[in-house]
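Chemist: Encoded as structure tokens, here's the structure I'll be asking about.
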């Protein structure tokens with residue numbers, strides 16, 4: 027009985043009507059439809075940092091409350107303080123942090139994507155951007171970014187370092 031049902035299944039896949047498209051072509055169209063930007067409404071897929079941020083329960087926070095907060099590393103050492111929050115031309119939110127450097131050497135402003143930090147009390151933890159990236163990051167200079175008003179709110183992930 028099993029041999030008969032197996033034989034029927036195999037023959038059903040082997041015999042195709044002349045007007046039907048080959049199975050491989052159909053699978054190709056399905057794969058193209060699911061990955062094209064038009065199928066997702068034109069929205070680009072979120073970056074890995076954005077996906078991790080969404081898993082950390084982002085909460086709305088008033089921008090003015092973030093200004094002046096310290097940014098800390100995994101060892102609870104202060105990396106710098108938030109000086110400004112801007113929105114880029116790509117509609118991404120960035121924190122402008124004054125990187126303190128080493129004993130005041132190499133101090134400069136660094137643009138930090140909001141996806142890589144998390145809030146914990148009255149400080150921000152640099153979760154997905156290690157201290158070494160602050161050292162090598164280029165100095166921030168305002169180009170096409172727009173400063174976000176202190177009364178506006180942005181979403182920031184929760185942290186528990």
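Residue numbers (this note's numbering): 27 to 187.
Glycine residues also receive a C-beta, built at the ideal position from the N, C-alpha and C atoms.
Going along the chain, which unbroken runs of the beta strand (DSSP E) with 3 or more residues stay wholly within the segment 68-143?
Modeler: 85-88, 96-98, 104-113, 119-125, 134-139
Chemist: Under the three-state reduction of DSSP, which class applies to residue 169: helix, strand or coil?
Modeler: Residue mapping note: residue 169 aligns to position 143 of the chain shown, counting from 1. In the three-state reduction of the DSSP assignment, residue 169 falls in the coil class, being assigned neither a helical nor a strand state.
Chemist: What is the DSSP secondary structure of residue 158, counted as helix, strand or coil?
Modeler: Numbered from its first residue, the chain shown carries residue 158 at position 132. In this structure, residue 158 counts as helix in the three-state DSSP scheme.
Chemist: What did DSSP end up calling residue 181 once you bin it into helix, strand or coil?
Modeler: Walking along the chain shown from the start, residue 181 turns up at place 155. Strand at residue 181.
Chemist: Taking the beta strand (DSSP E) that residue 175 falls in, what are its first and last residues?
Modeler: The residue labelled residue 175 in the question sits at position 149 within the chain shown. If you look at residue 175, you'll find it isn't in any beta strand (DSSP E); DSSP assigns it neither H nor E.
Chemist: Can you name the start and end residues of the beta strand (DSSP E) that residue 151 belongs to?
Modeler: Numbered from its first residue, the chain shown carries residue 151 at position 125. Per DSSP, residue 151 belongs to the beta strand (DSSP E) from 149-152.
Chemist: Quick check: what's the CA-CA separation for residue 180 versus residue 109?
Modeler: On the chain shown, position 154 is the one that residue 180 refers to. On the chain shown, position 83 is the one that residue 109 refers to. Roughly 15 Å separates the two Cα atoms.
Chemist: Can you list, in chain order, the residues of its chain with a C-beta nearer than 8 Å to that of residue 247? Leave out the 5 residues immediately preceding and following it.
Modeler: A question about residue 247 goes unanswered here, because the residues of the chain that appear run from 27 up to 187.
Chemist: How would you label residue 171, buried or exposed, when you count the other beta carbons within 10 angstroms and need 16 or more for buried?
Modeler: Locating residue 171 in the chain shown gives position 145, where the first residue counts as 1. Taking a 10 Å sphere around the C-beta of residue 171, we find 16 or more other C-beta atoms and assign the residue as buried.
Chemist: Going by alpha carbons, who is nearest to residue 185 out of 97, 106, 107?
Modeler: Residue mapping note: residue 185 aligns to position 159 of the chain shown, counting from 1. Ranking 97, 106, 107 by Cα distance to residue 185 puts 97 first.
Chemist: Nearest-angstrom Cα distance between residue 83 and residue 169?
Modeler: Locating residue 83 in the chain shown gives position 57, counting from the first residue. Locating residue 169 in the chain shown gives position 143, counting from the first residue. One C-alpha to the other measures close to 31 Å.
Chemist: Considering only the alpha carbon of each residue, which of 134, 139, 117, 86 lies closest to residue 124?
Modeler: As a first step, residue 124 is located in the chain shown; it is residue number 98 there, counting from the start. Comparing Cα positions, the closest option is 134.
Chemist: By a C-beta neighbour count over all protein chains shown, 10 Å radius and 16 as the cutoff for buried, is residue 177 buried or exposed?
Modeler: The residue given as residue 177 occupies position 151 in the chain shown. When all chains shown are included, residue 177 counts as exposed.
Chemist: For residue 152 versus residue 99, is the C-beta spacing smaller than 7 Å?
Modeler: Sequence index remark: in the chain shown, residue 152 carries index 126 (1-based). Sequence index remark: in the chain shown, residue 99 carries index 73 (1-based). Yes, Cβ-Cβ distance for residue 152 and residue 99 is below 7 Å.
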